[in-house]
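Single-structure report; data block below.
Numbering (the numbering used here), first residue to last: 14 to 218.
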């Protein structure tokens, strides 16, 4: 079946960002005299918004507002060096474009655009939606609806590539089929182990 749009999640799909996320939020905890995150906290910050993550990893409510302010002052460039772009991403984007539109729906905030610029990917997407661009970030489908509306694509003509229940809820909530990336247990219409498999799913452009 031919598609007109492929929406990508960022963390865990376009990039292996676990080390970068861990270092970033540990830097915030360290600034406030806290030890490194435990495994549960690391898992949480990998899917949540930056605001949600800071509130989760700072146990003292009185420190949360200062921690949010400190987060916004952190230079993200040192952490970008810890990001690993997923194999085949550039190849898949080149295959899709320009016949098939591409977009990003991420719970990242002010770090997504510097990240894409650092890897030379900004021009590879027709639209980038972060948690700052919507009232209700994923798992709410607002970001997906926004992309569909702005790019004038029907839900049935789009695919969402994600790796978490957050992505699944956002995609399915908007009526978009999900391509689960390296997560065989995730309820999805398609499951892939390599991004290159998207080429077969989208059909002729």
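Heads up, the beta-carbon is just placed ideally off N, CA and C, and yes, glycines get one too.
Backbone secondary structure at residue i - three-state DSSP
i: residue 95; result: coil
i: residue 142; result: strand
i: residue 183; result: helix
i: residue 175; result: strand
i: residue 215; result: helix
i: residue 190; result: strand
Residue i versus residue j - alpha carbon distance
i: residue 112; j: residue 139; result: 12 Å
i: residue 15; j: residue 216; result: 5 Å
i: residue 207; j: residue 194; result: 7 Å
i: residue 45; j: residue 179; result: 29 Å
i: residue 108; j: residue 75; result: 50 Å
i: residue 58; j: residue 35; result: 8 Å
i: residue 157; j: residue 49; result: 34 Å
i: residue 90; j: residue 128; result: 8 Å
i: residue 181; j: residue 199; result: 8 Å
i: residue 166; j: residue 159; result: 10 Å
i: residue 196; j: residue 42; result: 30 Å
i: residue 28; j: residue 73; result: 31 Å
i: residue 145; j: residue 85; result: 13 Å
Neighbourhood of residue i by C-beta distance below 6 Å, restricted to the same chain and skipping five residues each side
i: residue 56; result: none
i: residue 177; result: 60
Residue-chain proximity (residue i, chain D), Cβ-Cβ < 9 Å
i: residue 36; result: Absent from the structure is chain D; it holds one protein chain and no more.
Identity of the residue in the options nearest residue i by Cα
i: residue 53; options: 159, 133, 31; result: 31
i: residue 190; options: 196, 197, 201; result: 201
i: residue 80; options: 165, 51, 102, 63; result: 63
i: residue 183; options: 153, 212, 196; result: 153
i: residue 188; options: 196, 205, 170, 39; result: 170
i: residue 204; options: 185, 175, 123; result: 175
i: residue 185; options: 98, 151, 122, 96; result: 151
i: residue 96; options: 212, 25, 209, 17; result: 25
i: residue 101; options: 209, 214, 213; result: 209
i: residue 82; options: 73, 67, 92, 93; result: 67
i: residue 22; options: 98, 214, 131, 162; result: 98
i: residue 143; options: 123, 69, 37; result: 123
i: residue 69; options: 88, 93, 47; result: 47
Other residues of its chain near residue i: CB distance less than 7 Å, five sequence neighbours each side excluded
i: residue 106; result: 115, 137
i: residue 148; result: 155
i: residue 39; result: 49, 50
Own chain residues within Cβ distance below 8 Å of residue i, not counting five before or after
i: residue 141; result: 116, 117, 119, 125, 126, 129, 135
Could you give the uninterrupted runs of the alpha helix (DSSP H) lying entirely in the stretch 61–125, keeping only those of 4 residues or more?
63–70, 74–86, 90–93, 102–109
Can you list the beta strand (DSSP E) stretches of 3 or more residues lying completely in the stretch 14–55, in chain order?
18–21
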